[in-house]
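Shown next, in structure tokens, is the structure this report addresses.
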Amino acid sequence: SVSSATTRELQKEAERQEQINKASGEAAALIAVADARAKGLQLVAKSLAIQDGKNAASFSVAEQYIEAFHNLAKTNNTVILPSNVGDISQAVTQAMTIYQSLSKNSVSSPLIEEKSIDYENQDGSLLKSEVSTP
1 SVSSATTREL QKEAERQEQI NKASGEAAAL IAVADARAKG LQLVAKSLAI QDGKNAASFS
61 VAEQYIEAFH NLAKTNNTVI LPSNVGDISQ AVTQAMTIYQ SLSKNSVSSP LIEEKSIDYE
121 NQDGSLLKSE VSTP
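Note that UniProt numbering has the sequence shown beginning at 1, numbered continuously upward.
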């Protein structure tokens, strides 16, 4: 009958609109996560530009090193470790040396580049995103 055909058509349209809304929501969530990550990276880059930031980075690397071994101790897995595993200062020094060599190679270029990206939803509305990239 005409009534059931109309009902089915409306139901299909509602399902299609639901998929569009879900996809738009997921896109907005991805953009929000990317924006937050970009802003976080920008703050880290600015912090590392000052001496106290480098000291904080060294401290953070040491903390992560200790935490990683703490987590390894909780597992029953067999793990192959370097012979100098207890020398945290050497691990931090090695990590910071790698960081410094990487940062020397990128001195000529800016740390963060900002870009504006527009995303169009299915309904034609625009989502605007400011993204900073290293």
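For every residue, glycine included, the Cβ atom is placed at its ideal position computed from N, Cα and C.
- Task: Return the CA-CA distance between Ser-89 and Lys-39, expressed in angstroms with no decimal places.
- Result: 30 Å
- Query: How close, in whole Å, do the beta carbons of Ser-58 and Val-92 come, if the pair is a contact with beta carbons under 8 Å?
  - Reply: 5 Å
- Message: Can you tell me where the alpha helix (DSSP H) holding Ile-31 begins and where it ends?
- Response: 2-48
- By a C-beta neighbour count over all protein chains shown, 10 Å radius and 16 as the cutoff for buried, is Glu-9 buried or exposed? exposed
- What number of angstroms, rounded off, separates the C-alpha of Ala-45 from the C-alpha of Ala-14? Computed Cα separation, rounded: 46 Å.
- Close beta carbons around Met-96, own chain, < 6 Å, minus the five adjacent residues each side: Ser-58
- Task: Return no unless some Cβ of chain C is closer than 8 Å to the Cβ of Glu-13.
- Result: In the structure shown, chain C cannot be found, because there is only a single protein chain.
- Query: From Leu-41 to Asp-52, what distance separates their C-alpha atoms?
  - Reply: Straight across, the Cα-Cα distance linking Leu-41 with Asp-52 is about 17 Å.
- Between the C-alpha atoms of Ile-50 and Lys-12, what's the straight-line distance to the nearest angstrom? 58 Å
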